[in-house]
Amino acid sequence: MKKHSIFQRYLKGANWLLVVYLVVMVSGCTFRPAEITPEEARILQSRELNGSPEEVAKAVLIVLQEMHYTLGNVDMGLGIITAERTSERRLAPISRERVSENEVPDEVQTFCLVAGTLAVVGLFLAWIFGDSDDEDDNRDHERRHRSRPSRHFHPSPVIYDSQDAGTDVFVYKMTINLDELIGQTNVRVTVQGLHLEGSAVVESGPVQSKEFYEEFFNRLQIALNR
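Just so we're aligned: 556 in the numbering used here is position 42 of the sequence shown, and the numbers increase by one with no gaps anywhere.
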């Protein structure tokens with residue numbers, strides 16, 4: 515029984531270690547798109563639209579309201595409009611900093627995949643053996659206590675503190691620059707994203723999603739044509 519008990523404790527300990535290892539590996543290996551070059555970002559985030567800066571600014575305010583952004587600073591002298599939105603869901607992927615040429619992201623991703631697979635297999639095996647040992651212990655426990663009088667007790671209710679678990683919050687800060695051209699206005703939109711879990715920062719960086727900016731400029735063009 516002593517060897518059996520030691521083996522069971524070892525399996526339970528291995529079970530928890532594998533859970534922690536798997537969580538760390540998965541969170542560390544989560545894919546985030548690399549930041550693009552400044553030239554690529556300028557093309558993605560800029561449009562030349564018909565209308566004066568004042569007309570475009572009015573359309574921008576309409577779009578920000580439709581997209582549930584809170585207006586920040588509006589400085590028409592500098593041609594700058596800022597806005598912010600907080601959400602419990604991800605509105606756009608947050609890019610990470612560009613990797614250097616000496617780094618090998620493909621090999622890192624392969625390592626994460628293999629390590630995660632091994633962790634899952636080990637966790638599954640530990641769960642199987644640990645579960646079978648628990649069943650044996652339960653049967654032994656029932657045999658030992660059959661002759662004893664039953665005792666009734668009422669367990670105290672378990673109270674969970676909702677503050678212990680961090681809530682995911684996504685913050686997006688948008689800056690819009692308006693430059694007057696001949697008969698047109700150049701619009702440059704930049705967005706910084708921040709992912710918080712409770713009070714801890716999980717990820718931060720620029721938003722450089724093609725779909726995100728296409729949606730914004732499509733909405734802006736519709737607002738200008740009204």
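Note that beta-carbon positions come from the ideal geometry of N, C-alpha and C, so glycine has one too.
By the DSSP assignment, the alpha helix (DSSP H) with residue i in it spans what residues?
| i | result |
| --- | --- |
| Pro552 | 552–559 |
| Ala571 | 567–580 |
| Leu738 | 724–738 |
Report the rounded CA-to-CA distance for residue i versus residue j, giving the unit in angstroms.
| i | j | result |
| --- | --- | --- |
| Gln698 | Asn587 | 23 Å |
| Ile608 | Tyr686 | 10 Å |
| Pro619 | Glu728 | Here Pro619 scores only 49 on pLDDT, less than 50, and its place in the model should not be relied on; the value that follows carries that caveat. The straight-line gap from Cα to Cα measures roughly 28 Å. |
| Arg604 | Phe726 | 12 Å |
| Ala555 | Val574 | 20 Å |
| Gly719 | Arg610 | 6 Å |
| Arg561 | Asn700 | 6 Å |
| Thr681 | Tyr583 | 20 Å |
| Asp678 | Ala606 | With a pLDDT of 44 at Asp678, under the threshold of 50, the modelled position of this residue cannot be trusted, and the question is left open. |
| Ile595 | Ser566 | 15 Å |
| Val705 | Arg599 | 11 Å |
| Asn564 | Ala714 | 43 Å |
| Ile736 | Glu694 | 20 Å |
| Glu553 | Leu708 | 23 Å |
Using a 10 Å radius around the Cβ and a threshold of 16 neighbouring Cβ atoms, would you call residue i buried or exposed?
| i | result |
| --- | --- |
| Val703 | buried |
| Ala571 | buried |
| Leu734 | buried |
| Leu592 | exposed |
| Val613 | Note that Val613 scores 47 on pLDDT, short of 50, meaning its location in the model is unreliable; the coordinates nonetheless yield the value given after this. When all chains shown are included, Val613 counts as exposed. |
| Gly712 | exposed |
| Ser676 | Caution is warranted here: a pLDDT of 43 is assigned to Ser676, below 50, making its placement in the model unreliable, and no coordinate value can be reported. |
| Ile696 | exposed |
Going by C-alpha to C-alpha distance, which of the options sits closest to residue i?
| i | options | result |
| --- | --- | --- |
| Ala597 | Ala737, Ile736, Ala606, Leu578 | Leu578 |
| Ala482 | Val721, Leu605, Ile690, Ala737 | Since the first residue of the chain shown is 515 and the last is 740, residue 482 is not available in this structure. |
| Leu475 | Glu569, Ile557, Gly591, Val715 | Since the displayed the chain opens at 515 and closes at 740, residue 475 lies outside it and no answer follows. |
| Leu710 | Phe731, Asn564, Ser601 | Ser601 |
| Asn691 | Thr551, Asn732, Met581, Asp589 | Asp589 |
| Leu558 | Ser723, Met688, Val716, Phe684 | Ser723 |
| Leu585 | Met688, Val683, Glu553 | Met688 |
| Val716 | Glu553, Val683, Ile550, Thr551 | Val683 |
| Phe730 | Ile576, Pro552, Ile550, Gly707 | Ile576 |
| Asn732 | Ile550, Leu708, Glu580 | Glu580 |
Say the cut is 6 Å; is the CB of residue i nearer than that to a heavy atom of the ligand NAP?
| i | result |
| --- | --- |
| Glu725 | The ligand NAP is not among the ligands present in this structure, which contains no ligands whatsoever. |
Tell me residue i's beta-bridge partners as DSSP assigns them.
| i | result |
| --- | --- |
| Thr600 | Val685 |
| Ala548 | Arg610 |
| Leu563 | Thr699 |
| Leu592 | In DSSP, Leu592 forms no bridge with anything. |
| Leu455 | Coverage of the chain is limited to positions 515 through 740, which leaves residue 455 absent and any answer about it impossible. |
Just curious, the beta strand (DSSP E) that residue i is in, first and last residue?
| i | result |
| --- | --- |
| Glu717 | 714–720 |
| Glu711 | 698–711 |
| Gly586 | 584–589 |
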